[in-house]
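Presented below is the structure to which this report refers.
2 protein chains.
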Amino acid sequence: MMHLILADSELELVPQAIQGHPAIVKHAKMRKKKPSRILLDSTYHHQAIRSKYAAEAERRGRPDIVHFFLMNAQESLLNYEGKLRVYVHTRNNDVIRISPETRLPKSYNRFVGLMEHVFQNKYVPDKENPLLTLEKMSLRALVDEIGNKAVVLSEKGKKVNLKEYDIPEDITFIIGGFPSGDFLSNVNFADEIVSIYDGTLMAWVAAYEVIARYENLYL
Amino acid sequence: MMHLILADSELELVPQAIQGHPAIVKHAKMRKKKPSRILLDSTYHHQAIRSKYAAEAERRGRPDIVHFFLMNAQESLLNYEGKLRVYVHTRNNDVIRISPETRLPKSYNRFVGLMEHVFQNKYVPDKENPLLTLEKMSLRALVDEIGNKAVVLSEKGKKVNLKEYDIPEDITFIIGGFPSGDFLSNVNFADEIVSIYDGTLMAWVAAYEVIARYENLYL
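Chain order of the listed sequences is A and B.
For the first sequence, counting from 1, position 80 maps to 97 in this note's numbering; every step adds exactly one.
For the second sequence, counting from 1, position 206 maps to 223 in this note's numbering; every step adds exactly one.
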């Protein structure tokens, strides 16, 4: 089984410090929700983010990255064949587990609504048969729980050619869920940190690169 | 070089017959555009589509599929290495060419705005140095112009294992850009019609499957 974690992803509800910002208030009103219950989204909240989090303004509020990642991972041939488990870990150490049979909304707005629901209720659709669950957990605790060899993909890692890279059948890959910068979590606990390309790859592309390589070996 | 065509994709401006439908008028007003200048989008226009195009209501108005496809193709390692050319062909025989260096908006709403701009102006950002161009052209004319061996991916095609399938270095792959049903274009002119999986794959997943296989052979 391959486990795939999107780590330190920029998925969060609007932080308290900017819930009163005019851009947030306006957007929340349009969406008929409280500011505390909507996802932070740089497309709409960039000014608000900059007002309090200037140093992180180019990375925060990116549900779109999570959406693209999940559209690739959940709909992958590997997942259809039952050999993939997918997790979204966030900057605030929320871990969302997505059960393999879950088909997520393709509409971005519906996806955002679903994630807001997950943050609020922790279990979707319900606690008895959840397709998505959310709990507080560090990246390291999640990786330890899975128990596989853990490999982080990072531009700063050791250069490897995926074609020649040894991947055991039980493996956990960790991919950064942020548009730029570095992991917020300490990832030095991992068994290896590797770079699969001389340059930055989008998180969802890196995901399908390792998925396709694993399929080539084990399907 | 690999050429990749999303064919018969469900990308179109709102057709004249439903421009007066209340749901369309309301949505266009909210977007501050004329109904004739907004993309058909099943997320917002499903009722309107059903009112006139009942038989096609489950397939029309899917810019999201084009968006996911382009996020994978344009951001692929293969494209970064300069060995991929990407085209979006639509149900109305519009062909959009995307130059390899084009980075498209990750925000769905911005992507929709960009596509509307392409339909209106044909060249984006301008005719002298276009990143995107639109012209009227059939799928077959596009494939003939490229001149490579052309392979259609289709559930109805001959079953092949991509791992063992012979892919020449100059190749054109054609993938359906619709959620269900069959190609509207006649695709029998293609050199081969193949099925790479026992089941339906999302267009963007099928795209990365062939991209990854090509990378494995030629990068």
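Where a beta carbon is used, it is the ideal one built from N, C-alpha and C, also for glycine.
Here the structure is a predicted model, which is why all the values come from computation and not from measurement.
Residue range of the unbroken alpha helix (DSSP H) whose run includes residue i
| i | result |
| --- | --- |
| A/Y125 | 125-138 |
| A/F85 | 80-91 |
| A/S68 | 59-69 |
| B/I213 | First-last for B/I213: undefined, no H or E at that position. |
| B/I192 | Note, B/I192: premise wrong, no alpha helix (DSSP H); beta strand (DSSP E) at 188-193. |
| B/V250 | The structure shown does not extend to residue 250 of chain B, since chain B is modelled only from 18 to 236, so the question has no answer here. |
| B/E232 | 220-235 |
| B/H44 | 39-47 |
| A/N96 | 94-97 |
Under 8 Å between C-beta atoms of residue i and residue j
| i | j | result |
| --- | --- | --- |
| B/R108 | B/D161 | no |
| A/L121 | A/V135 | no |
| B/P80 | B/L23 | no |
| B/E226 | A/A229 | yes |
| B/L56 | B/L87 | no |
| A/V211 | A/I191 | no |
| B/Y125 | A/Y61 | no |
| A/R67 | A/S197 | no |
| A/L218 | B/L179 | no |
| B/V105 | B/V83 | yes |
| B/Y182 | B/K100 | no |
| B/I113 | B/K69 | no |
| A/N165 | A/I184 | no |
| A/A158 | A/G193 | no |
| A/N110 | A/M154 | yes |
| A/A224 | A/I213 | no |
| A/A65 | A/I41 | yes |
| B/N233 | A/N233 | yes |
| A/L21 | A/V103 | yes |
Outcome for residue i when other beta-carbon atoms lying within 10 angstroms are tallied against a minimum of 16
| i | result |
| --- | --- |
| A/M19 | buried |
| A/Y37 | For clarity, residue 37 of chain A is Gly in the given sequence; the question names Tyr instead. When all chains shown are included, A/G37 counts as exposed. |
| B/G78 | buried |
| B/A72 | exposed |
| A/D199 | exposed |
| A/E92 | buried |
| A/F206 | exposed |
| A/P39 | exposed |
| A/S116 | exposed |
| A/P142 | exposed |
| A/S53 | exposed |
| A/N96 | buried |
| B/M132 | buried |
| B/K51 | exposed |
| B/K123 | buried |
| A/D215 | exposed |
| A/D58 | buried |
| B/E186 | exposed |
| B/E152 | exposed |
Residue i - partner residues in DSSP beta bridges
| i | result |
| --- | --- |
| B/L179 | DSSP, once it has assigned bridges, lists no residue as partnering B/L179. |
| B/Y104 | B/I22, B/R114 |
| A/A167 | A/T189 |
| B/V141 | B/L149 |
| A/L56 | A/L30 |
Proximal chain A residues relative to residue i, where beta-carbon distance stays under 7 Å
| i | result |
| --- | --- |
| B/E92 | M219, V222 |
| B/S124 | T60, D81 |
Chain-ordered chain A contacts of residue i [CB-CB under 8 Å]
| i | result |
| --- | --- |
| B/K180 | N233 |
| B/G216 | Y97 |
Bounding residues of the beta strand (DSSP E) (the contiguous stretch that carries residue i)
| i | result |
| --- | --- |
| A/L151 | 149-153 |
Partner residues on chain B for residue i, Cβ-Cβ distance less than 9 Å
| i | result |
| --- | --- |
| A/A229 | Y225, E226, I228, A229, R230, E232, N233 |
Where residue i meets chain B, residues with beta-carbon distance less than 8 Å
| i | result |
| --- | --- |
| A/N244 | The structure shown has nothing for residue 244 of chain A, since chain A only spans 18 to 236. |
| A/F85 | F85, M88, K123 |
Chain C contact residues for residue i, given Cβ-Cβ distances below 8 Å
| i | result |
| --- | --- |
| B/G99 | Of the protein chains in this structure, namely A and B, none is chain C. |
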